[in-house]
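Novice: Mind looking over this structure? Questions follow.
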Amino acid sequence: QTTLKSKDKDPYPDWKPGEPVPYAALCTTFSLIEMTSKRLIMTSHCSLFLRQVLRLTPNDLLPTVLLMINKLAADYAGIELGIGESLIMKAIGETTGRSLGVIKQDQKEIGDLGLVAVKSRANQPTMFKPKPLTIRGVHKGLIDIATITGNGAQQRKVDGIKKLLSAADGHSSGKVDITKDKGGPSEAKYIVRFLEGKLRLGLAEKTVLVSLAQAMVCHEIESKGSGKVPSTEKLAEGESILKAVYSSLPSYEVIIPAMLEHGIFNLRDKCKLQPGVPLKPMLAKPTKAITEVLDRFEGQTFTCEYKYDGERAQIHYVAKDSPQQYRGAEPAAAKTPTGGIAAIFSRNSEDLSKKYPDILSKLNTWVNTDTKSFVLDCETVAWDLVEKKVLPFQQLMTRKKKDVKIEDVKIKVCVFAFDLLFLNGEAVVEKSLRERRELLHSAFTPVEGEFQFATSMNGQEIDEIQQFLDESVKASCEGLMVKMLDGQESGYEPSKRSRNWLKIKKDYLSGIGDSLDLVVLGAYYGRGKRTSVYGAFLLACYNSNTDTYETVCNIGTGFSEAVLEELHSQLKEIVIDRPKPFYSHSSGNQHQPDVWFEPKYVWEVKTADLTLSPRYKAGCHEGVDPSGEKGISLRFPRFIKVRDDKKPDMATSSRQVAEMYRKQESVAKSKGPAVDDDF
Ligand code: ATP
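Residue 278 in full-length UniProt numbering is what sits at position 59 of the sequence shown, and the numbering runs on without skipping anything.
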């Protein structure tokens, strides 16, 4: 607080009303946040800074929020830095006149590239005083780096980084001591960490969202000039509005300008789910038995659907003659044959339009004449044209991911639609599932092998469910999704892992309940037949509170020789010299993998059960081991598949691992209650 309120000396003389916000001011706030682990204090630093931006330079609010959440744009825009450690080291070396060898050595000793940049920058004599960096300048510089393609892209990216680094910190008078204050508010440190994809402030995106709501409420009341302080109720109201709006329309690019224009309290009316902006899908809770499902839904009607094993897809569409506007970036491959605009988004909000041109080209043949705009939740599944049935997920994975040409498509897909979120200009997420299903069925005409509604059954008896489960397995599905059918609770809850959707997988019925999606952190060289590849791997889950990856098992089972070769060629590209500072792993020498990797790949893994072990760190802050020394680990883990549709921070969370462990323990003793949580 003091930095912004100090009356004695203006800490940012360059920051005048309407002028671009100095990047140094944001770095000071980052540094204050980094020094605390208390969420309330983080929120207060964050919201105070955003208030100042709102007061002085509201035009910079959007890039400020984006830099705070370590993103350049909404996920669907597809702008990603994808810069590895080696390019960053090269840029630091070339900016500061230090050799790559010295930089690598520093990185070995310090283990945090951000701090290596600070050290390198401190050693460098400043010949001239560079123009101070601004938030909008840094944001633009980073976008430029991310969007460089074509000839000599790597070196041009390095040049872009050098441009930012050489303007960083040079204008500040004092030198930063890397041993003190985690490197202090150094601009170079935060630029490098942004490039690495981890600011390491412990600042969750949710905290930024809450801070933004608080800042906006305070600002609106302040600008009325009544001298009033916002009440707790008003602050809470602002927070709940912004959270609700963001979950249906997760795009700061759309929300922030609307909020500046209409105010936070009018946001619900101005910002609603709209075609073109993908929302985070609703997720299901795992269950281990049909009886568990019946207990959960006791006294309420539910419905069962086949659980198709393919890829989640959210299809957005606006017909040419629709009054509805298409928001968001217009995907290149997405003009439909009848002149409408359509896009397909992954579970991750990535644009899949270039992967599925075959779906887009046929879309309008499944749409009824009165259907002018929609957002559809569905699963794309590989389809056997001869046998007329669903093919295993592995077949779907063999499809090319980008720039697919319709004439080259060998693996045909069928779209299985299970939910409708928007229809003809109106968001329908708050309607009951029964009503949404009726709308879905009235808006489309299924075509076998191309577009079908998910097979469903509304029977409520255990025998009916068991029979339907058996049928789903015969139809090559993974099991069932059981969903609340009527009433408010059956509304679609974007981004939530809800107890109103339960999954029963065929192979849950024994074992721990669900497979896990884990991040590959390291590997061990193979022995015997496997000497030319990695033979085993170190996997981790993700702790979203601390923004760290916590080790959970070593795995060497479930891989064919061909898969091991493929994994080796992928992983050898992302080897790093030492573990990232945000890896939480055992320090014992005998437990170190032979090589470490950048956190990039997520694998699905099955396990027999979970156990406590001093060797792993998963969930060790979740209270499963009273001594806090042991983490949770997987026993007999087995590789299932690579999850291309998940980013590392979408891996199974430490909290979920702890929940699975507790459930297993309580099932062993009695029966545990189902817990609801926000994903
Ligand atoms: P999670 O993060 O919940 O573990 P996941 O991506 O690993 O999800 P699963 O655990 O297999 O996937 O189950 C949920 C997924 O099942 C959905 O994301 C969706 O892709 C798929 N699915 C298939 N059929 C249906 C259906 N009828 N209703 C909802 N989802 C379905």
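Glycine is no exception: its CB is placed at the ideal position from the N, C-alpha and C atoms.
(1) Check whether the Cβ atoms of Val-496 and Arg-546 lie closer than 7 Å to each other.
(2) At 3 residues or longer, what runs of the beta strand (DSSP E) sit wholly inside the UniProt domain "ATP-dependent DNA ligase family profile" (625-762)?
(3) Looking only at its chain, what residues have a beta carbon closer than 6 Å to the beta carbon of Ala-646, apart from the 5 residues adjacent to it on each side?
(4) Could you tell me whether the segment 407-427 touches the segment 243-260, where touching means 3 or more Cβ pairs closer than 8 Å?
(5) Buried or exposed, going by whether 16 or more other CB atoms sit within 10 Å of the CB of Phe-756?
(6) Using DSSP with H/G/I as helix, E/B as strand and the rest coil, what is Lys-825?
(7) When you measure from the CB of Phe-637 to every non-hydrogen atom of ligand 3, does any distance come out below 6 Å?
(8) Could you name the residues that DSSP lists as bridge partners for Pro-505?
(9) Straight-line CA distance for Phe-898 to Thr-830?
(10) Hey, quick one: how far does the beta strand (DSSP E) through Cys-490 stretch, first residue to last?
(11) Under the DSSP definition of a beta bridge, which residues are partnered with Asp-596?
(12) Which one of Asp-627, Gly-379, Ile-851 and Glu-456 has the shortest CA to CA distance from Leu-300?
(13) Among all the DSSP beta bridges, which residues are the ones paired with Lys-608?
(14) Give me the Cα-Cα distance between Ser-714 and Ala-463, rounded to the nearest whole angstrom.
(15) Would you say residue 172 and Lys-376 are within 7 Å of each other, going by their C-beta atoms?
(16) Below 6 Å CB to CB, which residues in the same chain sit around Lys-489 once its five sequence neighbours on both sides are set aside?
(17) Short of 7 Å in beta carbon distance, which residues of its chain neighbour Thr-617, apart from the five on each side in sequence? Order them along the chain.
(18) To the nearest whole angstrom, what separates the beta carbons of Lys-702 and Phe-521, a pair I think is in contact under 8 Å?
(19) Can you tell me whether Thr-451 is buried or exposed, with buried defined as 16 or more other CB within 10 angstroms of its CB?
(20) Could you check what DSSP says for Glu-253 in three-state terms: helix, strand or coil?
(21) For a test of your reading of the model: does the CB of Met-879 fall under 6 Å from any non-hydrogen atom of ligand 1? Yes or no.
(22) When you compare only the Cα positions, how much space is there between Arg-656 and Glu-823?
(23) Roughly how many whole angstroms lie between the Cα atoms of Phe-249 and Phe-593?
(24) Assuming Val-357 and Tyr-231 are in contact, meaning their beta carbons sit under 8 Å apart, how far apart are those beta carbons, in whole angstroms?
(25) With a Cβ-Cβ cutoff of 7 Å, do Lys-836 and Glu-785 count as a contact?
(26) Measuring from the CB of Ala-837, is there a heavy atom of ligand 1 at a distance below 6 Å?
(27) Cβ of Lys-417 within 7 Å of Cβ of Phe-801?
(28) What does the alpha-carbon distance come out to for the pair Leu-853 and Gly-775?
(29) If we call anything under 7 Å between Cβ atoms a contact, is Val-738 one with Val-821?
(30) Using the three-state DSSP reduction, which class does Val-623 fall into: helix, strand or coil?
(31) Go to Arg-355, then tell me how far its beta strand (DSSP E) extends in each direction, as first and last residue.
(32) Determine the direct distance from the alpha carbon of Asp-844 to that of Gly-850, and round the result to whole angstroms.
(33) Please name the residue in Met-287, Ser-873 and Asn-719 whose C-alpha comes closest to that of Leu-758.
(34) DSSP state of Lys-235, grouped into three classes?
(35) The alpha helix (DSSP H) spanning Ile-560 covers which residue range?
(36) Rank Leu-280, Lys-425, Val-335 and Gly-297 by C-alpha distance to the C-alpha of Thr-353 and give the top, closest one.
Specialist: This is what the structure holds:
(1) Within the sequence shown, numbered from 1, the residue matching residue 496 stands at position 277. Within the sequence shown, numbered from 1, the residue matching residue 546 stands at position 327. Cβ distance < 7 Å, so Val-496 and Arg-546 count as in contact.
(2) 632-642, 670-672, 698-703, 715-724, 735-744 and 753-762
(3) Looking up residue 646 in the sequence shown gives position 427. Contacts found: Lys-491 and Leu-492.
(4) yes
(5) Numbered from its first residue, the sequence shown carries residue 756 at position 537. The residue in question, Phe-756, is buried, as its Cβ has 16 or more Cβ neighbours within 10 Å.
(6) Working through the sequence shown from its first residue, we reach residue 825 at position 606. Strand at Lys-825.
(7) With respect to ligand 3, the structure offers nothing, as its ligand set consists of ligand 1.
(8) In the sequence shown, the residue the question calls residue 505 occupies position 286. DSSP output for Pro-505 lists Lys-722 as bridge partner(s).
(9) Residue 898 sits at position 679 when you count from the first residue of the sequence shown. Residue 830 sits at position 611 when you count from the first residue of the sequence shown. The pLDDT assigned to Phe-898 is 28, lower than 50, so where the model puts this residue is not dependable, and the model offers no usable value.
(10) Here residue 490 corresponds to residue number 271 of the sequence shown, with the count starting at 1. Here Cys-490 belongs to no beta strand (DSSP E), and DSSP marks it neither H nor E.
(11) As a first step, residue 596 is located in the sequence shown; it is residue number 377 there, counting from the start. Beta-bridge pairing links Asp-596 to Gln-533 and Asp-638.
(12) By one-based count along the sequence shown, residue 300 stands at place 81. Residue Gly-379 is the option with its Cα nearest to Leu-300.
(13) Taking the first residue of the sequence shown as position 1, residue 608 is located at position 389. DSSP lists Asp-603 as partners of Lys-608.
(14) On the sequence shown, residue 714 is found 495 positions in, with the first residue counted as 1. On the sequence shown, residue 463 is found 244 positions in, with the first residue counted as 1. Their backbone Cα atoms lie some 11 Å apart in a straight line.
(15) What is shown of the chain runs 220 to 898, which leaves residue 172 out entirely.
(16) For the purposes of this step, residue 489 is identified with residue 270 of the sequence shown, where counting begins at 1. Cβ neighbours of Lys-489 beyond the five flanking positions: Ala-477 and His-481.
(17) The sequence position of residue 617 within the sequence shown is 398, counting from 1. Once the five neighbours on either side are set aside, the close Cβ partners of Thr-617 are Ile-630.
(18) Taking the first residue of the sequence shown as position 1, residue 702 is located at position 483. Taking the first residue of the sequence shown as position 1, residue 521 is located at position 302. Right, their Cβ atoms sit about 6 Å apart.
(19) Taking the first residue of the sequence shown as 1, we reach residue 451 at position 232. That one is exposed.
(20) Counted from its first residue, the sequence shown places residue 253 at position 34. In this structure, Glu-253 counts as helix in the three-state DSSP scheme.
(21) Your numbering for residue 879 matches position 660 in the sequence shown. No; taking the cut-off as 6 Å, the Cβ of Met-879 has no heavy atom of ligand 1 nearer than that.
(22) As a working mapping, residue 656 is identified with position 437 in the sequence shown. As a working mapping, residue 823 is identified with position 604 in the sequence shown. C-alpha separation (whole angstroms): 31 Å.
(23) By 1-based counting over the sequence shown, the position of residue 249 is 30. By 1-based counting over the sequence shown, the position of residue 593 is 374. Straight-line Cα distance between these residues: approximately 41 Å.
(24) Against the sequence shown, residue 357 aligns to sequence position 138. Against the sequence shown, residue 231 aligns to sequence position 12. In fact, because the Cβ distance is near 15 Å, the residues do not count as touching under 8 Å.
(25) The residue you call residue 836 lines up with position 617 of the sequence shown. The residue you call residue 785 lines up with position 566 of the sequence shown. Not a contact, by the Cβ cut-off of 7 Å.
(26) For the purposes of this step, residue 837 is taken as the residue at position 618 of the sequence shown. Result no, Cβ not under 6 Å from ligand 1.
(27) Working through the sequence shown from its first residue, we reach residue 417 at position 198. Working through the sequence shown from its first residue, we reach residue 801 at position 582. Yes; because the gap between Cβ atoms is below 7 Å, this pair is in contact.
(28) By one-based count along the sequence shown, residue 853 stands at place 634. By one-based count along the sequence shown, residue 775 stands at place 556. Roughly 12 Å separates the two Cα atoms.
(29) Mapped onto the sequence shown, residue 738 falls at position 519. Mapped onto the sequence shown, residue 821 falls at position 602. Yes, the Cβ-Cβ distance between Val-738 and Val-821 is below 7 Å.
(30) For the purposes of this step, residue 623 is taken as residue 404 along the sequence shown, with counting starting at 1. Here Val-623 sits in coil by DSSP.
(31) Counted from its first residue, the sequence shown places residue 355 at position 136. Premise fails: Arg-355 lies in the alpha helix (DSSP H), 354-365, not in any beta strand (DSSP E).
(32) One-based indexing of the sequence shown puts residue 850 at position 631. One-based indexing of the sequence shown puts residue 844 at position 625. Approximately 7 Å, taken between the alpha carbons.
(33) Start at 1 with the first residue of the sequence shown, and residue 758 comes out as number 539. Measuring from the Cα of Leu-758, the nearest candidate turns out to be Ser-873.
(34) For the purposes of this step, residue 235 is identified with residue 16 of the sequence shown, where counting begins at 1. Of the three classes helix, strand and coil, the one that applies to Lys-235 here is coil, per DSSP.
(35) Counting from one through the sequence shown, the residue named residue 560 turns up at place 341. Note, Ile-560: premise wrong, no alpha helix (DSSP H); beta strand (DSSP E) at 560-564.
(36) Numbered from its first residue, the sequence shown carries residue 353 at position 134. It is Leu-280.
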